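Chemist:
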Amino acid sequence: MPESGTPELTIRIARSVGDIDPIDWHRLSDTDSPFLRHDFLLALEESGCTTAATGWTPSHLMFYLNDQLAGVAPAYLKTHSMGEYVFDWAWADAYQRYGMNYYPKLLVAIPFTPCRGPRLLFSKELRAWMTPVRMHQGLDSVTEELGAHSWHLLFPDANDQELLAMEEELHRIGCQFHWYNHGYKTFDDFLARLTSRKRKSIRKERRQVADQGISFRRYSGRDIPDHVLSAFYVFYQATYLKRGQRPYLNSDFFHQLRETQPEQLHIIMAARDEQMIAGALFLQGEDTLYGRYWGCLEEFDHLHFETCYYQGIELAIEQALTRFDAGAQGEHKLVRGFEPVITHSWHGIPHPGFREAIARFIEEEAEHVMAYAEDALDALPFRQVEPDQ
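Heads up, the sequence shown is in full-length UniProt numbering, so the first residue is 1 and it goes up one at a time.
1) Report yes or no: do three or more beta-carbon pairs, one from the region 71-86 and one from the region 17-35, lie closer than 8 Å?
2) Say whether the region 289-307 touches the region 202-217, bearing in mind that this needs 3 or more beta-carbon pairs closer than 8 Å, one atom from each stretch.
3) Within the chosen definition, does the region 185-205 reach the region 141-160 through at least 3 CB pairs nearer than 8 Å?
4) Suppose contacts are defined by Cβ-Cβ distances below 9 Å. Is T79 in contact with G55 by that definition?
5) Measuring CA to CA, which of Y236, F35, I313 is closest to T260?
6) Applying the criterion that 16 or more other CB atoms from any shown protein chain within 10 Å of the CB defines a buried residue, is E45 buried or exposed?
7) Just to confirm my understanding: we take L229, look at its own chain, exclude 5 residues before and 5 after, and list those with CB closer than 7 Å. What are they?
8) Would M135 be called buried (16 or more neighbouring beta carbons within 10 Å of its own) or exposed?
9) What number of angstroms, rounded off, separates the C-alpha of L377 from the C-alpha of F338?
10) Is L249 near Y293, with beta carbons less than 9 Å apart?
11) Quick check: G295 and I268, are their CB atoms within less than 9 Å of each other?
12) Please classify I224: is it buried, with 16 or more other beta-carbons within 10 angstroms of its beta-carbon, or exposed?
13) Give me the Cα-Cα distance between D88 and D273, rounded to the nearest whole angstrom.
14) Give every residue of the same chain whose Cβ lies closer than 6 Å to the Cβ of I11, excluding the five residues on either side of it in the sequence, and list them in chain order.
15) For V133, count neighbouring Cβ atoms within 10 angstroms of its own Cβ and tell me buried if that reaches 16, exposed if not.
16) Specify, as a first and last residue, the run of the alpha helix (DSSP H) that F87 falls within.
17) Return the chain-ordered list of same chain residues with a C-beta closer than 7 Å to the C-beta of R206, the five sequence neighbours on each side being excluded.
18) Is it a yes or a no for the region 331-346 touching the region 165-180, going by three-plus beta-carbon pairs under 8 Å?
19) Can you find the residues in the same chain that come closer than 7 Å, C-beta to C-beta, to S123, ignoring five residues on each side of it along the sequence?
20) Does the distance from the C-beta atom of P58 to that of R15 stay below 9 Å?
21) Near M82, which residues of its chain fall below 8 Å by C-beta distance, leaving aside the five closest residues on each side in sequence?
22) Can you tell me the Cα-Cα spacing of P381 and K198, whole angstroms?
23) How many angstroms separate the CA atom of R203 from the CA atom of S33?
24) Roughly how many angstroms lie between the CA atoms of R172 and L154, to the nearest whole one?
25) Would you check if the distance between the CB atom of Y236 and the CB atom of L281 is smaller than 9 Å?
26) Tell me which same chain residues have a C-beta within less than 7 Å of the C-beta of L77, skipping the five on either side of it?
27) Whole angstroms are fine: how far does the CA of H302 sit from the CA of E318?
28) Using DSSP's beta-bridge definition, name the partner residues of V108.
29) Looking at residue 478: is its Cβ nearer than 9 Å to the Cβ of L164?
Laid out in structure tokens, this is it:
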């Protein structure tokens, strides 16, 4: 029931992002994040990557204030925990041991994308009216309506954090490593910030890649030829098949991405003896480059670091971007100038017993994560700069 003197909030479910007018979606999103584009989410659905059959049933949230659409959020009813990058397998196992269902769960997130950004795409009026109590109550209510057993909101930005922050609620943190452009105009400018030893190490790695006869070529948007996109997809598949997994994304998705978001799409291909041997795909936002997918068929010394990180840094500098988010994996980025960043997620667990146990786990985990991030700061490879410099 609405509070006295306040607008009435109603949350409805869209079974496809295609059921939401793209004009309304982008009016509310007010972001240049490639992952929050209506086109991006629609491509996932139309290519068959996010469907009930894959365990990702689209259940996007539509927030109405007095019957006027005032907010949307990408959401899915999940029957597993794959492709999320905030790992709750142990929670699901605990439920199973006690003969209880953990799935389905409501996931408010971007599929297969561990990148910080907006999740609650609200109008100014809704954001001003919303409070953490109302936000949690709304998510609890829609979770129950969907027949889900919990809700999870992953990788929100600082603005969304303000609508979620409640001490008594389940707030989990993680640590990633992002590269920041501190005014660099060239890759050598970046290297100049590093200690002599680290600078020499990176130059040696890059030289060893070149000495193997490997060169690189960049393709962007609709100028990406079909044969390049096809070769990249083979490499992308290999990354998963090496781990005995099926890839989350299919070829149709990448082809649709090229057609609908060409201005944000880059592919960097590595070649040897005129044969493509590896590739990496990047998406570009207003101020951030996102390194998303990579693969190769044959291993070469330092090829992964060069293709995914050094080539990405050069691209970010060339595009005058301030940040490079190269994905969720970690420590090997640290010595290459990627700085620790704390990520967040929020979780609604209705069962009081499991909620209490998970709260203890999250509290203990947070202590380790913060200590890890502090240690990582001390291990950064940047040289000390004199105050007058």
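Heads up, the beta-carbon is just placed ideally off N, CA and C, and yes, glycines get one too. Note that the structure is a prediction, hence the values are computed from the model and not measured.
Modeler: Once the coordinates are examined:
1) Counting Cβ pairs under 8 Å, three or more are found: they touch.
2) Touching, per the Cβ criterion.
3) No, the region 185-205 does not touch the region 141-160.
4) Yes, the Cβ-Cβ distance between T79 and G55 is below 9 Å.
5) It is F35.
6) With 16 or more other Cβ atoms from the protein chains shown falling within 10 Å of its own Cβ, E45 counts as buried.
7) Excluding positions up to five away in sequence, the list reads F254, H255, R258.
8) That one is buried.
9) Using only the alpha carbons, I get a separation of about 10 Å.
10) Closer than 9 Å, so yes.
11) Not in contact: G295 and I268 (Cβ atoms no closer than 9 Å).
12) Counting Cβ neighbours within 10 Å, I224 comes out buried, since at least 16 surround it.
13) When rounded, the distance between both Cα atoms is 45 Å.
14) Within the same chain, Cβ atoms closer than 6 Å to the Cβ of I11 are found at L61, F63, G138, V142, the five residues on either side in sequence being excluded.
15) If you draw a 10 Å sphere on the C-beta of V133, you find fewer than 16 other C-beta atoms in it, and that means exposed.
16) Taken as a continuous stretch (DSSP letters only), F87 belongs to no alpha helix (DSSP H), as it is neither H nor E.
17) Within the same chain, Cβ atoms closer than 7 Å to the Cβ of R206 are found at E306, Y310, the five residues on either side in sequence being excluded.
18) With the rule of 3 Cβ pairs closer than 8 Å, the region 331-346 counts as touching the region 165-180.
19) Cβ neighbours of S123 beyond the five flanking positions: L28, A70, G71.
20) Yes. Within cutoff.
21) Contacts found: G55, Y248.
22) Between P381 and K198, the C-alpha separation is close to 6 Å.
23) Those two C-alpha atoms are separated by around 32 Å.
24) When the Cα atoms are used, R172 and L154 turn out to be separated by approximately 9 Å.
25) Contact annotation: Y236 and L281 have beta-carbon atoms nearer than 9 Å.
26) Same-chain partners within the cutoff: T57, S59, P104, L106, L146, A148.
27) Going from the Cα of E318 to the Cα of H302 covers about 22 Å.
28) Answer by DSSP bridge pairing, in chain order: A75, L153.
29) The question about residue 478 has no answer, for the chain in this structure spans 1 to 389.
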